[in-house]
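Numbering (the working numbering), first residue to last: 7 to 104.
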Amino acid sequence: MIRRLLISLTLALAAGQASAADTLRCGSQLVSVGDRSSEVLQKCGEPVSRDLLGYKRSANRREEFQVEEWTYGPNGGMYQYLRFEGNRLKQITSKRGN
7 MIRRLLISLT LALAAGQASA ADTLRCGSQL VSVGDRSSEV LQKCGEPVSR DLLGYKRSAN
67 RREEFQVEEW TYGPNGGMYQ YLRFEGNRLK QITSKRGN
């Protein structure tokens with residue numbers, strides 16, 4: 007019984023940490039996965055760099071959309087990388103700079 011409780015708590019903590027990567031604080035504002043690039047630009051300002059990674063086809067293969075990565079930072083030694091697919095924020099990752 008105690009073991010089951012410990013496993014449940016561990017899974018809950020892991021899920022909470024995974025969802026933390028779904029948002030990014032820009033000053034007093036938050037950006038989230040799913041936000042438009044214009045919203046992110048308004049809340050976070052101009053990124054340090056914008057890299058075109060290429061193009062991706064939609065699931066039905068009828069359209070292509072641009073894939074970009076924006077870099078913000080360093081903020082406290084951390085860089086934030088925002089991946090956009092078709093002008094929608096799809097992924098937020100962070101990495102400590104050198």
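Here a beta-carbon is modelled for each residue, glycine too, at the ideal position from N, C-alpha and C.
Applying the 10 Å Cβ sphere with the 16-neighbour rule, what's the burial state of Phe90?
buried
Asp41 classed as buried or exposed, judged by whether at least 16 other C-beta atoms fall within 10 angstroms:
buried
Less than 8 Å between C-beta atoms, sequence neighbours within five positions excluded: which residues of the same chain meet that for Glu45?
Val37
Alpha-carbon to alpha-carbon, Leu88 and Val39:
9 Å
With DSSP as the reference, label Val46 as helix, strand or coil.
helix
Expressed to the nearest angstrom, what Euclidean distance is found between the alpha-carbon atoms of Leu95 and Ser43?
7 Å
Measuring alpha carbon to alpha carbon, tell me which residue in Glu75, Glu70, Pro80 is nearest Ile98.
Glu75
If we count the other Cβ atoms within 10 Å of its Cβ and call it buried at 16 or more, is Tyr61 buried or exposed?
exposed
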